[in-house]
Amino acid sequence: MALRARALYDFKSENPGEISLREHEVLSLCSEQDIEGWLEGINSRGDRGLFPASYVQVIRTPEPGPPADGGPGAPARYANVPPGGFEPLPAAPPAAFQPLLQPQASPGSFQPPGAGFPYGGGAPQPSPQQLYGGYQASLGSDDDWDDEWDDSSTVADEPGALGSGAYPDLDGSSSAGGGAASRYRLSTRSDLSLGSRGVSAPPPHQASGAKSSATVSRNLNRFSTFVKSGGEAFVLGEASGFVKDGDKLCVVLGPYGPEWQENPYPFQCTIDDPTKQTKFKGMKSYISYKLVPTHTQVPVHRRYKHFDWLYARLAEKFPVISVPHLPEKQATGRFEEDFISKRRKGLIWWMNHMASHPVLAQCDVFQHFLTCPSSTDEKAWKQGKRKAEKDEMVGANFFLTLSTPPAAALDLQEVESKIDGFKSFTKKMDDSALQLNHTANEFARKQVTGFKKEYQKVGQSFRGLSQAFELDQQAFSVGLNQAIAFTGDAYDAIGELFAEQPRQDLDPVMDLLALYQGHLANFPDIIHVQKGALTKVKESRRHVEEGKMEVQKADGIQDRCNTISFATLAEIHHFHQIRVRDFKSQMQHFLQQQIIFFQKVTQKLEEALHKYDSV
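Residue numbers (my numbering): 10 to 624.
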């Protein structure tokens, strides 16, 4: 028995290893066993590769033998039709279950198996974390998790927990879900039949004379950033959720284009007094940092693992915002003074960028991190922590919180051009930052070791000359001998100045470069989300031009793409703003420190010079 399959629908390959199918085409299967919803086979054009199992119907035909009743003259086009004709297609789910299983299809259309399901029949079904992006904090942190941080209780154990339509605030208060004026439901769902690329609903068969209804395809790669961030689900109209007034994130039109609405209550936060503390009767040690926000003036103490947890929540919640990276972890030497000092400086830079961002600075979880005294009110701290971990406004629902200017303000071609330009900019900046970091690091190493050693060699040589002159024992040569010896000491001191100088000028530059390299590493994913949305708009427009999709449905996709574009452009604008601010300030500091350094060197040389005046 030859193992074959007949294509039920057209399928266009878009990735390496796939093959395209044409409706009614007969394929040879390499195996009847599907691989996570995909089959491997050879199409009628001789191409071998993968295709969705839900797009074909497996048939079994006997090996070639004598012709059937049709005789030698039977048309070749029917040579592969099995006796008895085609097997009927599986029926669609009962109508009573349609609202639960899939978006409502257009009247008269037929949905094949798996059409309304997010991943199609027999296709791989990623977890919600894979779909909408679940950032998991590293469990290999240099600060182990303990009972202060994790326990077996759930958010339902706390007063004001989620349930019965209540939504707890950080202060423990709750508002009724049904009649609260500050909370309302937003949805992007429509009657758009949402197919998925490769693992989705193929185009439905239409009744004769009915207007065709094309679908906007899903990405085959279900692990892409566009999918995991929830961008795809939002653009395709699948997001719905309750949004509080306080959760709205506003994008406004500024003089240079879209930008985040300014924080009406700006603040800063200092990080001081890193202190080694112990628990479990000295069995566990950790470093605690004192944070003092300027808008509360109330100090709170945080460990590095608290910063790490906060970063994980923010990275999960804001897919189109560049959350600054934390200073790197270190397995050994965590309690050494140099490491603690370097980490503190990195945390200060991180906190500065957090407090400067109009969205991140006002985020509930960040404010909880800054203001809740975990050491004195452990219950409130854990309640806020659990609320953040159960935040519903993540993934596709995050985009519902965005409030943007009228869509007419955006031209998609101009947006695409700006995004492409920024992509080139970040690539060039990343390369330049890497080169500068390498050069600065190498120069600092030479100053600490090479320059110091060379200047001290010169100083030692001058002192050797002075000692030789002292053998003369002439009274009139004593002043010269002392002046030369002083010159040698001056060069020793200059060598020490070179060794200490990188801490003053080059190290801060490298700290800033490290922070921005983290930002630059974030933007490819942010750009990917916007590019994915733009691709869906182009696809919907093509369907409209072909008469396969209603204009209203395509407009809905474009409006949601505009929302993502506005947020992306606003984030790019903020990045450029803080980049100009930070590098201006840091370059001024660098040059000021260089001037001070060379003034010190000059002073040492002038002091040595004046010693010869009395000779």
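Glycine residues also receive a C-beta, built at the ideal position from the N, C-alpha and C atoms.
Computed from a predicted model, the values in this text were never measured in an experiment.
Between residue i and residue j, which are expected to be in contact by the criterion C-beta below 8 angstroms, what is the C-beta distance as a whole number of angstroms?
i: T629; j: V252; result: Only positions 10 to 624 of the chain appear in this structure, which leaves residue 629 out of reach.
i: I573; j: Q602; result: So it is not a contact: roughly 43 angstroms between Cβ atoms.
i: Q595; j: P517; result: 6 angstroms
i: L600; j: L522; result: Going by Cβ atoms, the distance from L600 to L522 rounds to 16 angstroms, so no, they are not a contact pair.
i: F460; j: F507; result: 4 angstroms
i: T287; j: S294; result: 5 angstroms
i: E268; j: A579; result: 5 angstroms
i: K299; j: H315; result: With 8 angstroms as the limit, K299 and H315 do not qualify as a contact, their Cβ atoms being about 13 angstroms apart.
i: A449; j: A617; result: At roughly 30 angstroms, the Cβ-Cβ gap does not stay under 8 angstroms, so A449 and A617 are not in contact.
i: R227; j: E247; result: Actually they do not touch by this definition, with Cβ atoms about 10 angstroms apart.
i: P367; j: E271; result: 6 angstroms
i: F575; j: V260; result: 5 angstroms
i: F431; j: I581; result: 5 angstroms
i: N490; j: S470; result: 15 angstroms between Cβ atoms; not a contact.
Once the 5 residues before and after residue i are set aside, which same chain residues still bring their CB inside 7 angstroms of it?
i: D534; result: T234
i: I566; result: V225, V244, K545, V546, S549
i: M292; result: none
i: K257; result: T410, S412
i: D35; result: Sequence check: residue 35 is Val here, not Asp. For V35, where only same-chain residues beyond five positions count, the Cβ hits under 7 angstroms are R13, R15, S53, N89.
i: E425; result: L543
Under a Cβ-count criterion, where at least 16 other Cβ atoms within 10 Å of its own Cβ denotes burial, should residue i be classed as buried or exposed?
i: N24; result: exposed
i: P273; result: exposed
i: M363; result: buried
i: A14; result: buried
i: K465; result: Strictly speaking, residue 465 in this sequence is Gln, with Lys absent from that position. Q465 is buried by the Cβ-count criterion.
i: E505; result: exposed
i: L148; result: Low per-residue confidence applies at L148: pLDDT is 38, beneath 50, and the placement is therefore not dependable, though the value from the model is reported in the following sentence. Label assigned to L148: exposed.
i: F289; result: exposed
i: D501; result: buried
i: A165; result: Note on A165: pLDDT 32, under 50, position unreliable in the model; no value is reported.
i: V560; result: exposed
i: G26; result: exposed
i: Y265; result: exposed
i: L323; result: buried
i: R454; result: exposed
i: G393; result: buried
i: I493; result: buried
i: S63; result: buried
i: P31; result: The sequence shown places Arg at residue 31, not Pro. Label assigned to R31: exposed.
i: I44; result: exposed
i: D514; result: buried
i: Q306; result: exposed
i: K462; result: exposed
i: P2; result: In the structure displayed, the chain extends from 10 to 624; residue 2 sits before or after that span and is not available.
i: G55; result: exposed
i: K21; result: exposed
i: I605; result: exposed
i: K437; result: exposed
i: Q612; result: exposed
i: T639; result: Residue 639 lies beyond the range of the chain shown here (10 to 624); nothing can be said about it.
i: F607; result: exposed
i: K237; result: buried
i: L369; result: buried
i: L319; result: buried
i: P336; result: buried
Using a Cβ-Cβ cut-off of 6 angstroms (strictly less than) and excluding sequence neighbours within five positions of residue i, which residues of its own chain qualify?
i: H528; result: S331
i: T279; result: V301
i: R57; result: I51
i: S623; result: G488
i: Q277; result: T303, A364
i: Q107; result: Only weak support is given to the placement of Q107: the predicted model assigns it a pLDDT of 40, under 50, and the value that follows is read from those uncertain coordinates. For Q107, where only same-chain residues beyond five positions count, there are no Cβ hits under 6 angstroms.
i: K620; result: A492, F495
i: G468; result: G497, Y500, D501
i: D439; result: L529
Can you name, in chain order, every residue of its own chain whose Cβ lies under 8 angstroms from the Cβ of residue i, other than the five neighbours on each side?
i: F592; result: L521
i: L443; result: Q526
i: V67; result: L12, R13, A14, L38, E41
i: T341; result: none
i: H33; result: R15, A16
i: L59; result: G26, E27, I28, I44, W47, L48, E49
Can you find a CB in chain C that lies within less than 9 angstroms of the CB of residue i?
i: L38; result: No chain C is part of this structure, which consists of one protein chain only.
Inset, instruction - Evaluate contact between the region 335 to 354 and the region 375 to 383, counting only Cβ atoms and requiring at least three cross-stretch pairs below 8 angstroms. - result: no
Inset, instruction - Just list the alpha helix (DSSP H) runs in the region 378 to 437, keeping only unbroken ones of 4 residues or longer that don't cross its boundaries, in chain order. - result: 387 to 398
Legend entry - Entirely enclosed beta strand (DSSP E) segments - the region 462 to 548, minimum 3 residues: none
Inset, instruction - Specify whether the region 388 to 397 and the region 367 to 378 touch according to this definition: at least 3 beta carbon pairs, one from each stretch, less than 8 angstroms apart. - result: yes
Legend entry - Within the region 226 to 269, ranges of the beta strand (DSSP E) (whole runs, at least 3 residues): 249 to 253, 258 to 263, 266 to 269
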